[in-house]
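**Student:** Residues 181 to 356 (my numbering) make up the sequence shown, in order.
Note that beta-carbon positions come from the ideal geometry of N, C-alpha and C, so glycine has one too.
No experiment lies behind these values; they were computed from the predicted model shown.
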Amino acid sequence: MRPEYIREPAVSERVDAELRELISGCFTQPSNAFFRERRYAHEMPLHRYLLRDSRERLVAHVAVHEKRVGVGDVDIIIGGIAEVCVHETQRGRGVARQLLDEAHRGLVLEGIDFALLFGEMRLYASSGYQPLAAVIRRLDIATQRFESAPSQLALYKPLSERPWPEGAVDLRGPMF
181 MRPEYIREPA
191 VSERVDAELR
201 ELISGCFTQP
211 SNAFFRERRY
221 AHEMPLHRYL
231 LRDSRERLVA
241 HVAVHEKRVG
251 VGDVDIIIGG
261 IAEVCVHETQ
271 RGRGVARQLL
281 DEAHRGLVLE
291 GIDFALLFGE
301 MRLYASSGYQ
311 PLAAVIRRLD
321 IATQRFESAP
331 SQLALYKPLS
341 ERPWPEGAVD
351 LRGPMF
């Protein structure tokens, strides 16, 4: 399987339907029912990486947001990783890691030093992610208020030699 890259908004109606089917099939909690209607959680990502099986069926996806965030007293551009999903028939084969590697290469080409995601460490450690021990400020979509708290799901991956800056992280919007 070879990774396929699509930049938003060039997603066709056919690919949109495939994405909604795959993503809603992976994120099945009632709170994620919106994935049946749209292919993103809160904001449209700029980049998408896809994998298809030998029958050309979409089996894996990674979305990437380019986001300016505040960390301590500096601004940095990060690659916000979202909607990582693999069809149940392909899990345990390194498919997500393959797509993440491709996304990381794309971010490096854009001059972006860090990838950031919210997920379980056991799923992303093999791709080089580390826990981010910082307070995260984000917009709560339900209340439309900003909240600040540490998150055990916040993970980052350095994509260069630059160290992650010290301080609280301000997403300046919702989690991606």
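Rounded C-beta distance between Ala283 and Val242? I'm assuming under 8 Å.
**Tutor:** 5 Å
**Student:** With 16 as the cutoff for other CB atoms within 10 Å, does Gln358 come out buried or exposed?
**Tutor:** The structure shown does not extend to residue 358, since the chain is modelled only from 181 to 356, so the question has no answer here.
**Student:** For the candidate residues Gly353, Arg187 and Ile203, whose alpha-carbon lies nearest to that of Leu319?
**Tutor:** Answer by Cα proximity: Gly353.
**Student:** Mind checking whether the beta-carbon of Phe294 lies closer than 7 Å to any heavy atom of the ligand FAD?
**Tutor:** This structure lacks the ligand FAD; in fact it carries no ligand of any kind.
**Student:** Can you tell me the Cα-Cα spacing of Gly291 and Val315, whole angstroms?
**Tutor:** 25 Å
**Student:** Under a three-way DSSP split, which group does Asp253 fall into?
**Tutor:** coil
**Student:** Any contact between the segment 181-200 and the segment 227-243? By contact I mean 3 or more CB pairs, one from each, below 8 Å.
**Tutor:** yes
**Student:** Within this structure, are the beta carbons of Leu335 and Leu297 separated by less than 8 Å?
**Tutor:** yes
**Student:** What residues match up with His267 in a beta bridge as DSSP calls it?
**Tutor:** Paired residue(s): none; His267 is not in a bridge.
**Student:** Looking at the structure shown, is Tyr304 part of a helix, part of a strand, or coil, going by DSSP?
**Tutor:** helix
**Student:** Smallest Cα separation from Phe294: which of Lys247, Cys206 and Leu333?
**Tutor:** Lys247
**Student:** So what does Tyr336 bridge to, in DSSP terms?
**Tutor:** Leu296 and Gln310
**Student:** Could you work out which residue in Leu230, Ala322, Glu193 and Glu236 is closest to Arg218 when comparing CA atoms only?
**Tutor:** Glu193
**Student:** Comparing alpha-carbon positions, which option in Glu223, Cys206, Ile261 and Ile257 lies nearest Arg271?
**Tutor:** Cys206
**Student:** What are the boundary residues of the beta strand (DSSP E) that Ala329 is part of?
**Tutor:** Arg325 to Pro330
**Student:** Check each candidate in Val239, Pro225 and Ala276 and name the one with the smallest Cα separation from Ser204.
**Tutor:** Val239
**Student:** Just to confirm the assignment, what range does the alpha helix (DSSP H) spanning Leu230 have?
**Tutor:** No alpha helix (DSSP H) contains Leu230, which is instead part of the beta strand (DSSP E) from His227 to Arg232.
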